[in-house]
Structures are given as structure tokens and as C-alpha cells.
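First comes the structure, then the notes that go with it.
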Amino acid sequence: MTKPVIGFIGLGLMGGNMVENLQKRGYQLNVMDLNKEAVATCVARGAKEASSAKELAAASDIVMLCLTTSAVVEKLIYADDGILAGIKEGAVLVDFGTSIPASTRKIGEDLAAKGAGMIDAPLGRTPAHAKDGLLNIMAAGDTETFNKVKPVLDDQGENVFHLGALGAGHTTKLVNNFMGMTTVVAMSQAFAVADRAGVNRQQLFDIMSAGPSNSPFMQFCKNYAVDGVSDLGFSIANANKDLGYFLEMVKDLGTESKIAEGSSANLNAALDAGLGNGNVPEIFDYFLKLEK
Numbered sequence: 000m001t002k003p004v005i006g007f008i009g010l011g012l013m014g015g016n017m018v019e020n021l022q023k024r025g026y027q028l029n030v031m032d033l034n035k036e037a038v039a040t041c042v043a044r045g046a047k048e049a050s051s052a053k054e055l056a057a058a059s060d061i062v063m064l065c066l067t068t069s070a071v072v073e074k075l076i077y078a079d080d081g082i083l084a085g086i087k088e089g090a091v092l093v094d095f096g097t098s099i100p101a102s103t104r105k106i107g108e109d110l111a112a113k114g115a116g117m118i119d120a121p122l123g124r125t126p127a128h129a130k131d132g133l134l135n136i137m138a139a140g141d142t143e144t145f146n147k148v149k150p151v152l153d154d155q156g157e158n159v160f161h162l163g164a165l166g167a168g169h170t171t172k173l174v175n176n177f178m179g180m181t182t183v184v185a186m187s188q189a190f191a192v193a194d195r196a197g198v199n200r201q202q203l204f205d206i207m208s209a210g211p212s213n214s215p216f217m218q219f220c221k222n223y224a225v226d227g228v229s230d231l232g233f234s235i236a237n238a239n240k241d242l243g244y245f246l247e248m249v250k251d252l253g254t255e256s257k258i259a260e261g262s263s264a265n266l267n268a269a270l271d272a273g274l275g276n277g278n279v280p281e282i283f284d285y286f287l288k289l290e291k
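If you read the sequence shown in numbering that gives the first Met the number 0, its first letter stands for residue 0, the second for the next number, and so on.
Next comes the structure, spelled out in C-alpha cells:
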């Protein structure tokens, strides 16, 4: 069977490596990004540059997004020269970013009105995994649409999960990041409080890691608080955004999360302190200096 033509918008570390992987597997790509150097790299491997999201969508069977925020996604969808204006009947939009589920479902409804489908498919693992087609992909959407794009997702992910109706992928990613980021925030403050109380950080790790609190996240926190090595590749700014999305989702569900509110407040404060570009365990520095 002929491979579908793919339009890809968002050529950052993750998206750029995803495109390289797809090109190595023989897909024709139409690409678009504000970073013209990233576009040129893809074009040198045989991709075509689109001048607008409308043009890209009109020339593609599957449109893939790897973008930073729901606001950016909505702008690309609804602009006069956006995806909705150009997408073909029978085409599918795949959103790999971390977005607000309510926004995802609205976009899906508007695409359906034009005869196009949508899959939300947030990602797990790293850009290095993306380059080798070994991502974890949390996909959601109706079964027929999912099956249409699954062969391509299988070329991008080692583990491709189908989680149910549209929006379930973004919901799952936000829940996952809520759990992970609140854990890192709590553990980082644990090291800072122990330090201020005169307890050796290494000794604290030795005790905590000998019990059920031990986890890869604890190791990341220890690596920074004890060894000064920042190796969890996820920034305070990104964690702050995702916790904000989680709280918005919780509000939409008619409930609340005091735990998320507390973690979000600390991440916001660390961001205001100029630590936003640092990896999340670096919030330890904020807690170490925190005064009442």
C-alpha cells in the first residue's frame, strides 16, 4: 500500500526527531515551523516546506502537531490560513502535544464537521527515543480513526496505547504528569528541609530509598540535591504549564486538587525566581532559600 503523505508542524527536539524517523521509514513529509533552520534540515532530507497550515493540511493525508500549548494549537487550527481551512475530507489530525482535553474535544467536533478525524496522542520518553521510533504513545479517538493512523503510530512508537474516546490521551498525560511533577516537587523540598534541619542529604536518600518511597523520580531528585547532576529532561516551565492544565481539567470536572494547587504555586514561584529553564529537580534551589 502507498504510504500516506504526512504534514508535520512543530520541529523542536521531539518533533524534529520524529520527522527524521518518518523520513528514514520512507514517508513523504510536508513540514512547517518558525525555526527555518529546523525546516531546512528536513527539506535537505526530502521534505517539502509549506507556507501555511492551510497549504500543509490540503497537501497531507495525516496532519501531525508537536506543539507547546493548547493556545498555539488552537491558533493553527482556527486561523484564516489554518488547518481547518485546508484539511481534506477523510484526513486525520494527530496532536502529540500536551493539551487541555476540553480544547481537544472541541477541535475534534469542528474537524468532524469537515469530514476529518482527530486523534490526541501525547508522548512518553525522550527525543532520543523519537529518533529511533521508540516512543510511548497515549492515543485516543474513535476506533476507526485510530486504526487509520495506527500503522504510522507503530512506526513512531514502541508502545502505542488506545485509551478510548477523544481527549482520553490528553487526560491520561495530564494525570501522569500531575503524579510525576508533584512527586518531584515534594521530594525536592524534602531534601531542602532536611538540609536546613542539619540532616545530611545523602543519609536522607539512603533512608528513603530503602523503603517504598524509592523510585526513579527520587533518584532524579537525589542526583541534583546530592550530586549536583540535573538529568531529568523536563523543565520547571513545562511542569508549571502541565500542572496548570491539570487544574483546568479538574475544574472542568467539577472538583478540585489541593495537592496540585500547592505544587503549582511552588512551580510558579520558582518560575518567578528565574528557574524556569532548569529541570524540575532544580526547584530544590528555590526551596533551599525559601523564607517564611
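From the three backbone atoms N, C-alpha and C, an ideal C-beta is built for every residue, glycine too.
Check, Outcome
"Between the C-alpha atoms of residue 39 and residue 106, what's the straight-line distance to the nearest angstrom?", "30 Å"
"Going by DSSP, what residues sit across from residue 296 in a beta bridge?", "The shown model of the chain, from 0 to 291, leaves out residue 296, and the question about it has no answer."
"By the three-class DSSP mapping on this structure, what secondary structure does residue 69 have?", "helix"
"Under 8 Å by Cβ, that's how I've got residue 90 and residue 127 pegged, so tell me the actual separation to the nearest angstrom.", "Incorrect: roughly 30 Å between the Cβ atoms, too far for contact."
"Suppose you measure from the CA of residue 64 to the CA of residue 211; what does that come to, to the nearest Å?", "38 Å"
"Three or more beta-carbon pairs under 8 Å between the segment 176-183 and the segment 240-249, yes or no?", "yes"
"Counting only runs of 4+ residues fully inside the segment 90-123, write out the alpha helix (DSSP H) ranges in chain order.", "100-111"
"Roughly how many angstroms lie between the CA atoms of residue 133 and residue 232, to the nearest whole one?", "17 Å"
"For residue 61, report the span of its alpha helix (DSSP H) as first-last.", "Not the alpha helix (DSSP H): residue 61 falls in the beta strand (DSSP E), residues 61-64."
"Taking 9 Å as the threshold (C-beta atoms), are residue 259 and residue 285 in contact?", "no"
"Could you say if the segment 87-103 and the segment 58-76 meet the contact criterion of at least three C-beta pairs nearer than 8 Å?", "yes"
"Can you give the Cα-Cα distance for residue 26 and residue 223, rounded to whole angstroms?", "41 Å"
"If you measure between the beta carbons of residue 166 and residue 122, is that distance less than 9 Å?", "no"
"Short of 7 Å in beta carbon distance, which residues of its chain neighbour residue 10, apart from the five on each side in sequence? Order them along the chain.", "18, 30, 32, 34, 37, 38, 41"
"My output table needs one value for residue 8: the three-state DSSP class, helix, strand or coil.", "strand"
"Below 6 Å CB to CB, which residues in the same chain sit around residue 277 once its five sequence neighbours on both sides are set aside?", "235"
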